[in-house]
């Protein structure tokens with residue numbers, strides 16, 4: 132496989148098991164990209180919609196660059212296990228727990244048909260961005276040393292309660308970083324159990340009350356930056372948060 136003219140796209144935490152994504156990529160290697168998408172969506176054979184979406188994304192990028200989709204073939208790709216996406220399973224029969232969905236970091240490489248050369252036994256190319264797995268990023272959040280004002284803001288956020296879980300957002304591990312600039316504007320990096328969680332506006336309203344109205348107005352303004360990678364995990368909950376959740380029936384941290 133030549134590296135000339137390769138268009139590579141990487142999708143982090145695609146909702147697919149890594150082994151299934153690898154099988155799907157191997158099944159369409161060397162096919163025209165448009166046919167590969169059709170095969171992965173409609174068959175014949177095993178389908179794999181998450182990988183089809185990654186190829187679609189690559190085709191969209193090619194179109195933006197003025198490259199016709201029918202000129203491209205699937206030259207290669209890879210899939211590596213990523214952190215599970217974790218969601219809250221609401222109380223049922225008095226029990227509350229977490230639901231985990233496996234994910235994979237999927238890379239797809241497209242190449243103009245005239246440049247694609249098949250070499251038997253060539254393994255898929257590794258991801259273009261080594262070292263971007265979720266765990267190192269999570270550590271980076273944890274290693275940040277806040278300044279005194281940022282620490283004051285963080286302490287105030289203990290008053291912000293998740294309305295579904297009844298526990299504050301700091302102990303739940305939703306607050307990843309707090310920065311306060313010289314103008315007194317706080318930037319709060321946050322996540323929730325899922326990007327689909329509908330509580331972002333509710334959280335921001337509570338934060339507004341705590342930071343701008345209560346406590347004498349701790350900051351001049353604030354901004355919440357929502358991030359979803361790395362995904363939130365039950366392991367992010369503090370010991371105090373776990374005790375509170377156990378009291379209402381959550382297990383399996």
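Numbering (the numbering used here), first residue to last: 132 to 384. The beta carbon of each residue, even a glycine, is placed where N, CA and C say it ideally should be. A quick note: this is a predicted structure, and the numbers were derived from the prediction, not measured.
Using DSSP with H/G/I as helix, E/B as strand and the rest coil, what is residue i?
i: residue 206; result: strand
i: residue 311; result: strand
i: residue 138; result: strand
i: residue 218; result: strand
i: residue 236; result: strand
i: residue 171; result: helix
i: residue 296; result: coil
i: residue 145; result: strand
i: residue 343; result: helix
i: residue 361; result: coil
i: residue 213; result: strand
i: residue 301; result: coil
i: residue 291; result: coil
i: residue 241; result: strand
i: residue 258; result: Reliability of the predicted coordinates at residue 258 is poor, the pLDDT of 43 falling under 50, and the value obtained from them is presented with this limitation in mind. If DSSP states are grouped into helix, strand and coil, residue 258 belongs with coil.
Grab me the residues of residue i's own chain with a C-beta within less than 6 Å of its C-beta, minus the 5 sequence neighbours each way, in chain order.
i: residue 337; result: 291
i: residue 289; result: 299, 301
i: residue 319; result: 309, 355
i: residue 216; result: 232, 234, 362
i: residue 147; result: 181, 235
i: residue 379; result: none
i: residue 280; result: 311
Can you name the start and end residues of the beta strand (DSSP E) that residue i belongs to?
i: residue 356; result: 352-357
i: residue 316; result: 316-321
Can you tell me where the alpha helix (DSSP H) with residue i in it begins and where it stops?
i: residue 194; result: 180-195
i: residue 279; result: 279-287
i: residue 338; result: 331-339
i: residue 372; result: 370-378
Using alpha carbons as the reference points, say which of the options lies closest to residue i.
i: residue 165; options: 146, 147, 188, 151; result: 188
i: residue 371; options: 182, 138, 297, 317; result: 297
i: residue 144; options: 211, 341, 350; result: 211
i: residue 213; options: 236, 240, 202, 278; result: 236
i: residue 300; options: 204, 146, 363; result: 363
i: residue 304; options: 376, 238, 354, 342; result: 376
i: residue 207; options: 179, 169, 138, 350; result: 138
i: residue 343; options: 172, 328, 316; result: 316
i: residue 152; options: 179, 168, 162, 140; result: 179
i: residue 234; options: 281, 244, 186, 182; result: 182
i: residue 321; options: 361, 314, 352, 313; result: 361
i: residue 352; options: 358, 368, 335; result: 335
i: residue 198; options: 242, 167, 381; result: 242
i: residue 307; options: 378, 177, 368; result: 368
i: residue 204; options: 155, 239, 177; result: 239
i: residue 177; options: 192, 160, 155; result: 155
i: residue 323; options: 278, 357, 170; result: 357
i: residue 141; options: 157, 173, 161, 192; result: 192
Please work out which residues of its chain come closer than 7 Å, Cβ to Cβ, to residue i, disregarding the five sequence neighbours upstream and downstream, and give them in chain order.
i: residue 194; result: 200
i: residue 284; result: 309, 311, 317, 342, 349, 350
i: residue 346; result: 287
i: residue 149; result: 210, 211, 212, 235
i: residue 159; result: 167, 170, 171, 205
Give me, in chain order, the residues of the same chain whose beta-carbon lies closer than 8 Å to that of residue i; leave out the 5 immediate sequence neighbours on both sides.
i: residue 168; result: 183, 186, 187, 190
i: residue 244; result: 163, 202, 203, 204
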